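A.B. asks: Residue numbers (this note's numbering): 46 to 365.
#1: Using a threshold of 8 Å, state whether the C-beta atoms of residue 147 and residue 81 are closer than that.
#2: Could you check what DSSP says for residue 358 in three-state terms: helix, strand or coil?
#3: What span of residues does the alpha helix (DSSP H) with residue 342 cover, start to end?
#4: Helix or strand or just coil, what does DSSP make of residue 247?
#5: Spatial neighbours of residue 256 within its chain, please: CB distance less than 6 Å, with the 5 preceding and 5 following residues excluded, ordered by chain position.
#6: Taking the alpha helix (DSSP H) that residue 259 falls in, what are its first and last residues?
#7: Between the alpha carbons of residue 206 and residue 295, how many angstroms are there, rounded?
#8: Can you tell which of 134, 235, 310 and 343 has the C-alpha that lies nearest to the C-alpha of residue 301?
#9: For my contact list, residue 138 and residue 87 are in at a C-beta cut-off of 8 Å; report their separation, rounded to the angstrom.
#10: What distance in whole Å lies between the Cβ atoms of residue 79 and residue 69, which are believed to be in contact at a cut-off of 8 Å?
#11: Please state whether DSSP places residue 84 in a helix, a strand or coil.
#12: Pick from 173, 267, 179 and 62: whose alpha carbon is nearest that of residue 187?
#13: Work out the CA separation of residue 220 and residue 141 for me, nearest whole Å.
#14: Under 8 Å: do the region 220–232 and the region 160–173 share three or more Cβ pairs, one atom per stretch?
#15: Quick one: what's got a C-beta closer than 7 Å to residue 93's C-beta in the same chain, skipping five residues either side?
#16: Could you work out which residue in 357, 339, 345 and 276 is closest to residue 317 when comparing CA atoms only?
#17: Which value, in whole angstroms, describes the spacing of the CA atoms of residue 126 and residue 236?
#18: Can you check whether the CB of residue 272 is closer than 8 Å to the CB of residue 72?
#19: Taking residue 55 as the reference, give the member of 83, 128, 262 and 194 with the closest Cα.
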């Protein structure tokens, strides 16, 4: 029975990973925000690294069980080289995502320093591997692999700590709260992964299962919260300043939009909810919904995202 349950649990874990990736893809497709694209890249690279390092390595060890320790250690080196490119990429995309969420940009000097650090680490990895191949002494390799593991998760925790600190600069209280809640959920998830990846778990099933499950499922709770926040508080679209500065009189005239409808469109472009619009324009929620319905009819759209795309298309056409 145990032999049957373990593969099923592995498949369930992979299913969670695919579901998380798909939800992230849908989130980006719906809101079309750059920081969500970076989030999709982060999830993708994080999962590729996990698949190679956790599942791939485990399956390889199962196939080569009973082999000499030197062979197993050589396999360890191979998998570290396979997974290595995805580690700095995942961390960078995660940092870019949170920077976008915080409405900030990563300074160029930090990017250059980041690239230099990982280039140096890769050089050290190459030298340590050459030493192992020459001497078959794996002690330095074991230390370096442990350092790589700890640096990876320490980077995520440090980025999240900075996000919590920098969230105080956000003027929008809802966004400030969202960044903090998201960061705390992620911080907890990465901490749990780090703790259990360093300790073996007693289990009636495969002892490797729990760390693998955590790696692929820890990003689901923060993603679900992010989805909840974005659906409740429609964010301002990328390129908002350009849209607001553009002369849209021709656009408004083309579609026969009234002055009130123009005001509502501009508030929608700023990411205001229907409730926010009622407060801004001092009209009832029912009136706002009626105006939005007529706007949708005139523009032949069915959602705010489609409306924003129509405006973006108008600006693009006028600039060419």
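Here a beta-carbon is modelled for each residue, glycine too, at the ideal position from N, C-alpha and C.
None of these values were measured; they are calculated from a predicted model.
C.D. replies: The relevant details are as follows:
#1: Translated into the one-based positions of the chain shown, residue 147 becomes position 102. Translated into the one-based positions of the chain shown, residue 81 becomes position 36. Not in contact: residue 147 and residue 81 (Cβ atoms no closer than 8 Å).
#2: Start at 1 with the first residue of the chain shown, and residue 358 comes out as number 313. Residue 358: helix per DSSP, three-state reduction.
#3: Taking the first residue of the chain shown as position 1, residue 342 is located at position 297. Its alpha helix (DSSP H) spans residues 330–344.
#4: Taking the first residue of the chain shown as 1, we reach residue 247 at position 202. For residue 247, the predicted structure reports a pLDDT of 48, less than 50, and the residue's modelled location is therefore unreliable. The matter cannot be settled from this model.
#5: As a first step, residue 256 must be located in the chain shown, where it is residue number 211. The answer, listed in chain order, is 241 and 242.
#6: Position 214 of the chain shown, counting from 1, holds the residue named residue 259. Here the alpha helix (DSSP H) through residue 259 covers 254–262.
#7: On the chain shown, residue 206 is found 161 positions in, with the first residue counted as 1. On the chain shown, residue 295 is found 250 positions in, with the first residue counted as 1. Each residue's alpha carbon lies about 47 Å from the other.
#8: Walking along the chain shown from the start, residue 301 turns up at place 256. The candidate whose alpha carbon is nearest that of residue 301 is 343.
#9: Start at 1 with the first residue of the chain shown, and residue 138 comes out as number 93. Start at 1 with the first residue of the chain shown, and residue 87 comes out as number 42. Right, the Cβ-Cβ distance comes to about 4 Å (below 8 Å), so this counts as a contact.
#10: Residue 69 sits at position 24 when you count from the first residue of the chain shown. Residue 79 sits at position 34 when you count from the first residue of the chain shown. In fact, because the Cβ distance is near 14 Å, the residues do not count as touching under 8 Å.
#11: Locating residue 84 in the chain shown gives position 39, counting from the first residue. It is helical.
#12: In the chain shown, counting from the first residue as 1, residue 187 sits at position 142. For the residues 173, 267, 179 and 62, the minimum Cα distance to residue 187 belongs to 173.
#13: Stepping through the chain shown from its first residue, residue 141 is reached at position 96. Stepping through the chain shown from its first residue, residue 220 is reached at position 175. Near 17 Å, if we compare the C-alpha coordinates of residue 220 and residue 141.
#14: no
#15: Counted from its first residue, the chain shown places residue 93 at position 48. Excluding positions up to five away in sequence, the list reads 131.
#16: As a working note, residue 317 is residue 272 in the chain shown. The candidate whose alpha carbon is nearest that of residue 317 is 276.
#17: Mapped onto the chain shown, residue 126 falls at position 81. Mapped onto the chain shown, residue 236 falls at position 191. Taking the straight line joining both Cα atoms gives about 25 Å.
#18: Mapped onto the chain shown, residue 72 falls at position 27. Mapped onto the chain shown, residue 272 falls at position 227. Yes, they are a contact pair.
#19: Here the question's residue 55 lines up with position 10 in the chain shown. Residue 55 has its Cα closest to that of 262, out of 83, 128, 262 and 194.
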